[in-house]
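In my numbering, the protein residues as written are 1183 to 1431.
Cβ atoms here follow ideal geometry from the backbone N, Cα and C, with glycine treated the same way.
Below is one structure, written out as structure tokens; comments come after it.
Here it is as structure tokens:
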């Protein structure tokens, strides 16, 4: 089945304490977005769509050596809204859509290949890449059917019950969707939340409501799913890249 990749790269990255778009900060001499684009390209997708917003032209120019289509998100109204902007590029696409974050450069290409293969084997409409953390504080939790790959619920920490907060399996923000299911569900979500934004995770609520199957695939290396939001996290990512050069050679 055909594969398309959406990379979310529209954010400003306020906590980086810089006017430079977050995805253009350097790790070992390369912009963060380069690592994500290299990884996406290694999967040999039919299409790559880069969602840009803050300093859009600068991000597009920095990504010029890659074969990507750019989708402008302006204004920026959440992750679901970001993916909505790609529909003009993918309106006739029939296949699977992998969603990556431009500020999470450490995801191993092999992990993504295994995620996609797992998704196809389960015939799920959506699959979430997850990880187990000793301290899952702040992350959305994955609530599974007992002894099953099937996900029953994805709950943000602020909405989680005491029991759900004990769950250590977290949502990485990396997803594979059936394209038609994704865009149909995006048409059904709204901004009825505290942030007044379209949340991509609300797509899963649509899937759960229809009784369609959502699965989870867990990586053994939790470090690879960590995003970069601060200068300290950027430093940690550089150290990780120094220790794992073979992943991006």
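With 16 or more other Cβ atoms inside 10 Å of its own Cβ, residue 1354 counts as buried. Within the stretch 1271-1350, the complete alpha helix (DSSP H) segments at least 4 residues long are 1291-1304, 1344-1347, listed from N- to C-terminus.
With fewer than three CB-CB distances shorter than 8 Å, the stretch 1251-1260 does not count as touching the stretch 1356-1365. For residue 1359, the secondary structure class from DSSP, reduced to helix, strand or coil, is strand. Taken through DSSP and simplified to helix, strand or coil, residue 1190 comes out as strand. Relative to residue 1251, the option among 1191, 1292, 1330 whose CA is nearest is 1191. Taking one beta carbon from each stretch, the stretch 1386-1399 and the stretch 1300-1312 have 3 or more pairs nearer than 8 Å; the two touch. Boundaries for residue 1248: no beta strand (DSSP E) harbours it, and the DSSP string shows neither H nor E there. Distance from the CA of residue 1306 to the CA of residue 1242, rounded to the nearest whole angstrom, comes to 33 Å.
Boundaries for residue 1383: no beta strand (DSSP E) harbours it, and the DSSP string shows neither H nor E there. Collapsing the DSSP output to three states places residue 1354 in a strand.
Scanning its chain for C-beta atoms nearer than 6 Å, with the 5 sequence neighbours on each side dropped, one finds around residue 1367 the residues 1385, 1388, in chain order.
Counting only runs of 4 or more residues that sit fully inside the stretch 1208-1241, the alpha helix (DSSP H) segments are 1214-1224, in chain order. In the DSSP assignment, residue 1261 falls outside any beta strand (DSSP E) and within the unbroken alpha helix (DSSP H) covering 1261-1266. Secondary structure at residue 1398: strand, using DSSP grouped into helix, strand and coil. Proximity to residue 1249 across 1266, 1240, 1275, 1222 peaks at 1222, based on C-alpha coordinates.
When the Cα atoms are used, residue 1200 and residue 1349 turn out to be separated by approximately 35 Å. Secondary structure of residue 1416 (DSSP, three-state): helix. According to DSSP, residue pairing for residue 1185 in a beta bridge involves 1278. Of the residues 1228, 1217, 1362, 1263, the one whose Cα lies closest to the Cα of residue 1193 is 1263.
When the Cα atoms are used, residue 1420 and residue 1392 turn out to be separated by approximately 42 Å.
Pairwise C-beta distances place the stretch 1318-1325 out of contact with the stretch 1401-1417, as fewer than three of them are shorter than 8 Å. Collapsing the DSSP output to three states places residue 1196 in a helix.
Three or more Cβ pairs closer than 8 Å define a contact, and the stretch 1332-1351 falls short of that threshold against the stretch 1276-1291.
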